[in-house]
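Reviewing the structure listed below.
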């Protein structure tokens with residue numbers, strides 16, 4: 002790749018990032034009522050995204066081979082319990098990730 006190709010790629014990436022960051026401000030300016038479907042998506046998409054990530058993370062578990070998905074299910078249960086207790090997503094996900102890594106690297 003030449004330097005010009007790399008420059009054009011960087012420009013395209015910067016433009017794409019800027020467009021995705023500023024487009025909502027142009028589509029929904031201050032003082033204008035937001036469409037109902039956008040409000041609906043704002044309420045439902047976070048849960049749908051988390052569900053999708055859970056399915057994606059647990060899809061490759063081989064429950065018929067050692068360790069039978071135990072690290073994944075232990076970490077998932079810890080995330081669910083910690084989130085039910087503290088109601089802090091960052092804490093729940095961070096602690097679950099650390100627990101999973103400890104289980105995979107040191108226990109199983």
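In my numbering, the protein residues as written are 2 to 109.
Glycine included, every Cβ here is placed at the ideal spot set by N, Cα and C.
#1: Quick check on residue 87: does DSSP put it in helix, strand or coil?
#2: I'd like the ranges of any alpha helix (DSSP H) spanning at least 4 consecutive residues and lying wholly in the region 15-85.
#3: Compare the Cα-Cα distances from residue 100 to each of 85, 54, 81 and report the closest residue.
#4: Out of curiosity, what's the CA-to-CA distance linking residue 72 and residue 97?
#5: Quick check on residue 15: buried or exposed, where buried means 16 or more other Cβ atoms within 10 Å of its Cβ?
#6: For residue 76, does the count of other Cβ atoms within 10 angstroms reach 16, so buried, or fall short, so exposed?
#7: With the cut-off set at 8 Å, would you say residue 35 and residue 27 are in Cβ contact?
#8: Is it buried or exposed for residue 93, if we count other Cβ within 10 angstroms and need 16 for buried?
#9: Alpha carbon to alpha carbon, how far is residue 67 from residue 49? Give it in angstroms, no decimals.
For this structure:
#1: Position 86 of the chain shown, counting from 1, holds the residue named residue 87. Helix, per DSSP.
#2: Taken in chain order, the unbroken stretches of alpha helix (DSSP H) that lie wholly in the region 15-85 and span 4 residues or more are 37-59.
#3: Counting from 1 along the chain shown, the entry for residue 100 is found at position 99. In terms of CA proximity to residue 100, 81 leads the group 85, 54, 81.
#4: Here the question's residue 72 lines up with position 71 in the chain shown. Here the question's residue 97 lines up with position 96 in the chain shown. Rounded to whole angstroms, the gap between the alpha carbons of residue 72 and residue 97 is 10 Å.
#5: Position 14 of the chain shown, counting from 1, holds the residue named residue 15. Exposed, by the Cβ-count rule.
#6: As a position in the chain shown, residue 76 is number 75, starting the count at 1. With a 10 Å radius around the Cβ and a threshold of 16 neighbouring Cβ atoms, residue 76 comes out buried.
#7: As a first step, residue 35 must be located in the chain shown, where it is residue number 34. As a first step, residue 27 must be located in the chain shown, where it is residue number 26. No, the pair does not count as a contact, with Cβ atoms beyond the cut-off.
#8: Along the chain shown, one-based indexing puts residue 93 at 92. So residue 93 counts as buried.
#9: As a first step, residue 49 must be located in the chain shown, where it is residue number 48. As a first step, residue 67 must be located in the chain shown, where it is residue number 66. Rounded to whole angstroms, residue 49 to residue 67 spans 31 Å at the Cα level.
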